[in-house]
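K.L.:
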Amino acid sequence: MAEKAILYDATKCTACRGCQVACKQWNENDEFIPTIQNGVNSTNRGSYENPIDLSPQTWLKMRFTEVEPSGGKLRWLFTRQACMHCTDAGCVRVCPNGSLYHHELGFVAYNKDTCTGCGYCIDACPFSVPRYTRNIITGFAKMDKCTFCTSQGLDRIAEGIEPACVKTCPPKALRYGNRNDLVAEAKSRVQVLKLKGYSGANLYGENELGGLHVMYILEDSPDVYGLPVDPQISGLTAAWQNVVQPVGWAAGGLMVAVLGLNWLVARRAGVNKETK
Amino acid sequence: MTNHWNDIANSDCVMAIGSNPAENHPAAFGHITIAQDRGAKLISIDPRFTRTSAKADVYAPLRSGTDIAFINGMIKYVLDDIDNNPDNYNMTYITEYTNAPYLVNPDYKGPADLEGLFSGYAGVSNEAENSKRKYNKSTWQYQKDATGVPIRDMTLQDPNCVFQLMKKHVARYTPEKVNAVCGTPVATFLEVCHTFAATGQKGKSGTILYAMGTTQHTYGTQNIRSYCLLQLLLANIGIAGGGINAMRGESNVQGSTDHCLLFHILPGYLKVPVDADATLADYLKRITPTSSDPLSLNWWKNTNKYVVSLLKAWYGDNATKDNDFGLHYLPKMESGKDYSHISLFEAMNDGIIKGLMCWGQNPAVGGPNSNQERAAMDKLDWMVVTDLWKTETAEFWKRPDADTANINTEVFLLPAKNSWEKEGSVTNSSRWMQWRYKASDGPGEAEDDLWMTDQLAKRLMKLYAEEGGPSAESITKMDWNYGAGHPDVHAVAKEINGYDLTTGKLMNSFANLTADGSTSSGNWLYCNSYVEPEAEPDAPIPGNRSSRRSLEDGPFNIGLYSRWAWCWPVNRRIIYNRAAVDLDGNPWDEEHPVVKWNPAAGTSGAWQGDVIDGGGLPMNQGGHYPFIMKSDGHSSLFGAGMAEGPLPEHYEPWETPVDNAMSNQTSNPAFKIWHPNEHGTSDKYPIVCSTYRVCEQWQGGQMTRNMPWVIEAQPEAFVEMSEELAAEKNIANGEKVIVESARGKVNVVALVTKRYKPFQMNGKSVHQVGVVWHWGYTGLSTGDSANLLTPHVGDANTMIPEYKAFLVDVKKV
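Heads up: the sequence lines are chains A and C, in that order. If you use our numbering, the first sequence closes out at 276, no skipped numbers anywhere. If you use our numbering, the second sequence closes out at 813, no skipped numbers anywhere.
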């Protein structure tokens, strides 16, 4: 099946944050907004940007950056901060039980029910996206991040409709479609931007980490927007998947085999007992 | 809008001034994005670098309240360029379609001669007495020939012709003066000039998108006029991708204005009768423009038909020829008296008005000088608030400093239904009347506005019939019949369209309305919107053209979408479209023709494209002048009807930190000053302040400040300021500060940004800040209202309050 993706064109985004709110609305991420008696306990910290960071209830937020090189023109850059849905996804590599996995359409889906809250994915993500909370009563922890609108019971993709953020975007800065088509479209857009004078225009995510499923059209270098220029899976994460996990799986397999042998031996013993 | 939202995509250059569409019209911004994809340039002119500026090709800062100096500077650039490169402009349009060639009374004198004033001022410069703050306009009139037709000099050389007077008027607005007044760097100003002036070429188009940043000044109407002048000189009115486009701040502001939300008009922009109108004939004579020129269609000559049809719609059989069709049932204004928002609250404050119905409005947050407006509510006997929420107005006695022991106002709250909880139409900025359906029931006892109006009318009619009272017939003689139960919204829409009272059939066009009482129409502009089913059989609601939803592009594929909904007048998508063609009826812009004369069509030729403005033949074949709503048929570069002068002249806001660099006349000489004692001066309040909205919140805030997701996105009221001002005041980003004016003070978060810069004007540095105005003391998210700071002064022509330029100081808490 053709891989799907989201294309975010930062040069068209007006940072209205319809996506940020639509994400919360669709995914029912509202119940944890702290309220006080006479108002919502959220503060302006001297920026249009709020909340201040991603959280288990905020899977997508817009980032605002004022850039003014000396002697150059002021720019107000808007960026989307959410899961990039990597092909070579550190989180999928480290997830011990497959709660994070690649959807057949390419992006990183998530089964919250089976998440054990180990938190390995948090360290493994080169974009610093996953967040987790620990329930203070039960002690259990769960991770949260953008699921590409495929959360159980709220799966838009299975219904053939675009993710909620894309649906709501007024200037159509967010697009959803076949990844190959979006890459082609993005490349021609980058050419247009270069002709308009944005010499640094680029497509981010075509090849990074084996290809991202959320790609950005940027008018400047990714680091100006706070994105890693050449995102990499850390050596430890790779080692985890390539060394520790195989050993773990081998150990686990060995354990299962030993248990099975044990059961067979015990059964044989039982059978022997019955026949005696 | 002269044009419409989708048409912005046709533009070659979009100039957003006095507006911030990315912030306040985020959905509509998509049309600008399409234009930019086509290669259009976006110019953003704003005191601070906004979300729109972030997407713009050119950003020009200007100090709040200095649009006229900026635009007059642009007009000077264009007029100078016309001298040097006339082929880059559409001179036929300027001479044939505008009043540029008209000769003005030789006694007329302008600010260049009279130190900032025009001839005929009743007072002296900076006159403070309200009775003398006005003009005798006799010297502003045109010279006319023996038949009463204005005399024109088609060479535009006569020193008394409008073109030459305009040239003289704007000659003073050099780029250096623009810099001295607006604080715009000269190079940036010139970049705006040559970018936008390039749309003066035949076949090119430029649009101006404006909003409240333009209108909410003591000279807001002149701000708009300055844009009109520029657009006319660039031949940008009437064409695709052009126009003067007011982006409305709410979904149905256009509709409510069309249906006479304002005090000075009846539905369809008919003037309100005054006490001096003793008879219908007197009234019609006063309000009906005349023209002696056979080539001027002077559409408003039909005023009598629209007035009588309106009275027939309202008073039915009780409106007869013998009783002036019930004209005298209507309330009449006292001649010269003003009944606008500020005046009403002044009258409440003075104890003259005792009761208030506040319907979908929250003046305790949105009204200027809101401390005073809240206090005025203390003095009322009763108040009815109709709203979705308990607004600050509904709970005005809960404001922080209220003296509750001395408030005796009885308050009634009528819970209302939201727009998706009722059926009806809204009319958007594009003048599109769009039918909407009920999607869900309202909560609790909420009712829709139509039900409330119907109940009020029925009960008032009964009470007046039983008990009588002053002007009882105004109510008892009404033809009120929309059903016994819930009123039928279709019956209302049909009445607005109007009937042929002889046949009982719905009218198909206002062209057929009559003045003899045989037709009715609740709003002549909406005649043609709801017709007999067989006249519009394919609409989802047959006959209801506003229910149409065809996605066909429409004539000439320029995005008219002529069968999507319906727009006034008579579904004309671009008004003044007669100006989109040359004298032979051929489009100036072959790529985006709006209308086109096809001599081969029909028996003797016909217009194709959009619904043609006024019909008839092309001008070269004896057709009329293009601007049919102007009595002379030409668009007005020179506007003798304005309060403060026929040409826009720069004045400073009522409160200003600088002298007027253009003349000794500091502020607009013609607006009314209510409270001279509340005038802030720059020694105490040196910083210019403006108020505005943010994308995440909405108006007075009740619809968004009760919505946790949105509150989280934009949680608190803030004041934006430059890094330079913050350093001077030792203010850190994110800390609470006090912003104070001569009227009040607010405690808000400081948002320190590179996007505000001090204005450098003639060596003087001036700071500007901006406060968002959505907050108040009720709802989930509360905070101080920015309108505690704003003054009770308004535009000289419309009285729209000055929300955009006043003086404050900023301090650490």
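Each residue gets a CB set at the ideal place from its N, CA and C atoms; glycine is no exception.
Please report the Cβ distance between C/Asp610 and C/Pro555, rounded to the nearest whole angstrom; I am assuming they are in contact, meaning their Cβ atoms lie under 8 angstroms.
P.N.:
Taking the second sequence and counting its residues from 1, the one referred to as residue 610 of chain C is at position 610. Taking the second sequence and counting its residues from 1, the one referred to as residue 555 of chain C is at position 555. Going by Cβ atoms, the distance from C/Asp610 to C/Pro555 rounds to 6 angstroms, so yes, they are a contact pair.
K.L.:
Can you list, in chain order, the residues of the region 675 to 709 of chain C whose Cβ is nearer than 8 angstroms to any Cβ on chain A?
P.N.:
If the cut-off is 8 angstroms between Cβ atoms, the region 675 to 709 of chain C has Val694, Cys695, Glu696, Pro708 and Trp709 near chain A.
K.L.:
Which residues in chain C sit within 9 angstroms of A/Gly106, going by Cβ to Cβ distance?
P.N.:
One-based indexing of the first sequence puts residue 106 of chain A at position 106. Here the premise fails: no neighbours, minimum Cβ distance about 28 angstroms.
K.L.:
Please classify C/Asp46 as buried or exposed, where buried requires at least 16 neighbouring CB atoms within 10 angstroms.
P.N.:
Residue numbering aside, residue 46 of chain C sits at position 46 when the second sequence is read from its first letter. It counts as buried.
K.L.:
At 4 residues or longer, and completely inside the region 81 to 164 of chain C: list those alpha helix (DSSP H) runs for me, N to C.
P.N.:
91 to 97 and 111 to 114
K.L.:
Using beta-carbon positions only, say whether C/Leu327 and C/Leu266 come within less than 8 angstroms of one another.
P.N.:
As a first step, residue 327 of chain C is located in the second sequence; it is residue number 327 there, counting from the start. As a first step, residue 266 of chain C is located in the second sequence; it is residue number 266 there, counting from the start. No, the pair does not count as a contact, with Cβ atoms beyond the cut-off.
K.L.:
Below 6 angstroms CB to CB, which residues in the same chain sit around C/Glu655 once its five sequence neighbours on both sides are set aside?
P.N.:
Position 655 of the second sequence, counting from 1, holds the residue named residue 655 of chain C. Once the five neighbours on either side are set aside, the close Cβ partners of C/Glu655 are Gly680, Phe806 and Leu807.
K.L.:
So is C/Tyr692 buried or exposed if we call it buried at 16+ other beta carbons inside 10 Å?
P.N.:
Residue numbering aside, residue 692 of chain C sits at position 692 when the second sequence is read from its first letter. Burial check for C/Tyr692: the Cβ neighbour count within 10 Å reaches 16 or more, so the residue is buried.
K.L.:
With distances taken from CA atoms, which of C/Val719, C/Ala796 and C/Val737 is nearest C/Gln216?
P.N.:
The residue labelled residue 216 of chain C in the question sits at position 216 within the second sequence. Nearest of C/Val719, C/Ala796 and C/Val737 to C/Gln216, Cα basis: C/Ala796.
K.L.:
Along the chain, where does the beta strand (DSSP E) containing C/Thr386 start, and where does it finish?
P.N.:
Counting from 1 along the second sequence, the entry for residue 386 of chain C is found at position 386. Element bounds for C/Thr386: Trp382 to Asp387.
K.L.:
For A/Asn50, which residues in chain C fall below 8 angstroms Cβ to Cβ?
P.N.:
Position 50 of the first sequence, counted from the first residue, corresponds to residue 50 of chain A. Neighbours of A/Asn50 on chain C, chain order: Glu712, Ala713, Gln714 and Pro715.
K.L.:
Identify every residue that forms a DSSP beta bridge with A/Lys4.
P.N.:
Counting from one through the first sequence, the residue named residue 4 of chain A turns up at place 4. Paired residue(s): A/Asn178.
K.L.:
So the candidates are C/Arg48, C/Val385 and C/Lys438; which of them puts its Cα closest to the Cα of C/Pro415?
P.N.:
In the second sequence, counting from the first residue as 1, residue 415 of chain C sits at position 415. Among C/Arg48, C/Val385 and C/Lys438, the Cα nearest to that of C/Pro415 belongs to C/Val385.
K.L.:
Starting from the N-terminal side, write out each stretch of the alpha helix (DSSP H) that is 4 residues or longer and does not extend beyond the region 116 to 154 of chain A.
P.N.:
Segments of the alpha helix (DSSP H) lying fully in the region 116 to 154 of chain A: 120 to 124.
K.L.:
Note down, in chain order, all residues in the region 732 to 749 of chain C with a beta-carbon under 7 angstroms from any beta-carbon belonging to chain A.
P.N.:
Asn733, Gly734 and Val749
K.L.:
Taking only beta carbons into account, state which residues of the region 356 to 382 of chain C come closer than 9 angstroms to chain A, listed in chain order.
P.N.:
none
K.L.:
Pull up the distance between the alpha-carbon of A/Gln37 and that of C/Cys358, whole angstroms please.
P.N.:
Counting from one through the first sequence, the residue named residue 37 of chain A turns up at place 37. Counting from one through the second sequence, the residue named residue 358 of chain C turns up at place 358. Caution is warranted here: a pLDDT of 48 is assigned to A/Gln37, below 50, making its placement in the model unreliable, and the coordinate value is therefore given only provisionally. Approximately 28 angstroms between the Cα atoms of the pair.
K.L.:
Return yes when the Cβ of C/Val308 is within less than 8 angstroms of the Cβ of C/Gly504, no when it is not.
P.N.:
What you label residue 504 of chain C is simply residue 504 of the second sequence in a count that begins at 1. What you label residue 308 of chain C is simply residue 308 of the second sequence in a count that begins at 1. The answer is no: Cβ separation not under 8 angstroms.
K.L.:
Mapping DSSP to helix, strand and coil, what is C/Ile75?
P.N.:
The sequence position of residue 75 of chain C within the second sequence is 75, counting from 1. C/Ile75 falls in the helix class under three-state DSSP.
K.L.:
Identify every residue that forms a DSSP beta bridge with A/Phe78.
P.N.:
Working through the first sequence from its first residue, we reach residue 78 of chain A at position 78. Partner(s): A/Phe64.
K.L.:
CB-CB under 7 angstroms to C/Gly148, same chain, minus the five flanking residues each way: which ones, in chain order?
P.N.:
The residue labelled residue 148 of chain C in the question sits at position 148 within the second sequence. Here the set comprises Ser292.
K.L.:
Which residue marks the beginning of the beta strand (DSSP E) containing A/Leu100, and which one marks its end?
P.N.:
The residue you call residue 100 of chain A lines up with position 100 of the first sequence. Per DSSP, A/Leu100 belongs to the beta strand (DSSP E) from Leu100 to His102.
K.L.:
Can you look up A/Cys169 in the DSSP assignment and give me helix, strand or coil?
P.N.:
Taking the first sequence and counting its residues from 1, the one referred to as residue 169 of chain A is at position 169. Residue state for A/Cys169 is assigned as coil, using DSSP reduced to three classes.
K.L.:
Which residue comes first and which comes last in the alpha helix (DSSP H) that contains C/Gly366?
P.N.:
On the second sequence, position 366 is the one that residue 366 of chain C refers to. Taken as a continuous stretch (DSSP letters only), the alpha helix (DSSP H) holding C/Gly366 covers Pro363 to Gly366.
K.L.:
Which of the three DSSP states, helix, strand or coil, is assigned to C/Val272?
P.N.:
For the purposes of this step, residue 272 of chain C is taken as the residue at position 272 of the second sequence. Three-state result, C/Val272: coil.
K.L.:
By the criterion of Cβ-Cβ separation under 8 angstroms, what are the contact partners of C/Leu815 in chain A?
P.N.:
Past the edges of chain C, shown from 1 to 813, lies residue 815 of chain C, and the structure says nothing about it.
K.L.:
On a Cα-Cα basis, can you pick out the residue from C/Met74, C/Tyr777 and C/Ala670 that is closest to C/Leu232?
P.N.:
In the second sequence, the residue the question calls residue 232 of chain C occupies position 232. For the residues C/Met74, C/Tyr777 and C/Ala670, the minimum Cα distance to C/Leu232 belongs to C/Met74.
K.L.:
Report buried or exposed for A/Ala158, applying the criterion of at least 16 other Cβ atoms within 10 angstroms of its Cβ.
P.N.:
In the first sequence, residue 158 of chain A corresponds to position 158, counting from 1. With fewer than 16 other Cβ atoms inside 10 Å of its own Cβ, A/Ala158 counts as exposed.
K.L.:
At a CB-CB cut-off below 8 angstroms, which residues of chain A make contact with C/Lys390?
P.N.:
Here residue 390 of chain C corresponds to residue number 390 of the second sequence, with the count starting at 1. Simply none; closest approach about 14 angstroms.
K.L.:
State the DSSP-derived secondary structure class of C/Pro267, mapped to helix, strand or coil.
P.N.:
Here residue 267 of chain C corresponds to residue number 267 of the second sequence, with the count starting at 1. C/Pro267 falls in the coil class under three-state DSSP.
K.L.:
Looking only at its own chain, which residues have a Cβ that is under 6 angstroms from the Cβ of A/Ala124, when we skip the five neighbours before and after it?
P.N.:
Along the first sequence, read from residue 1 onward, the residue named residue 124 of chain A stands at position 124. Around A/Ala124: Gly90, Cys91, Val94 and Thr237.
K.L.:
Along the beta strand (DSSP E) that carries C/Arg817, what are the first and last residues, could you check?
P.N.:
Past the boundaries of the shown model lies residue 817 of chain C; chain C is included only from 1 to 813, so the question cannot be answered.
K.L.:
What would DSSP say about C/Gly193, mapped onto helix, strand or coil?
P.N.:
As a working note, residue 193 of chain C is residue 193 in the second sequence. The amino acid at residue 193 of chain C is misidentified as Gly; the sequence shows Cys. C/Cys193 falls in the helix class under three-state DSSP.
K.L.:
Just checking, does the region 697 to 708 of chain C make contact with the region 762 to 770 of chain C on the three C-beta pairs under 8 angstroms criterion?
P.N.:
Short answer: they don't touch.
K.L.:
Going by beta carbon distance, what residues of the same chain come within less than 7 angstroms of C/Gly645, once the five residues before and after it are set aside?
P.N.:
Your numbering for residue 645 of chain C matches position 645 in the second sequence. Contacts found: Phe118.
K.L.:
To the nearest angstrom, report how far apart C/Gln141 and C/Ala100 are at their CA atoms.
P.N.:
What you label residue 141 of chain C is simply residue 141 of the second sequence in a count that begins at 1. What you label residue 100 of chain C is simply residue 100 of the second sequence in a count that begins at 1. Rounded to whole angstroms, C/Gln141 to C/Ala100 spans 14 angstroms at the Cα level.
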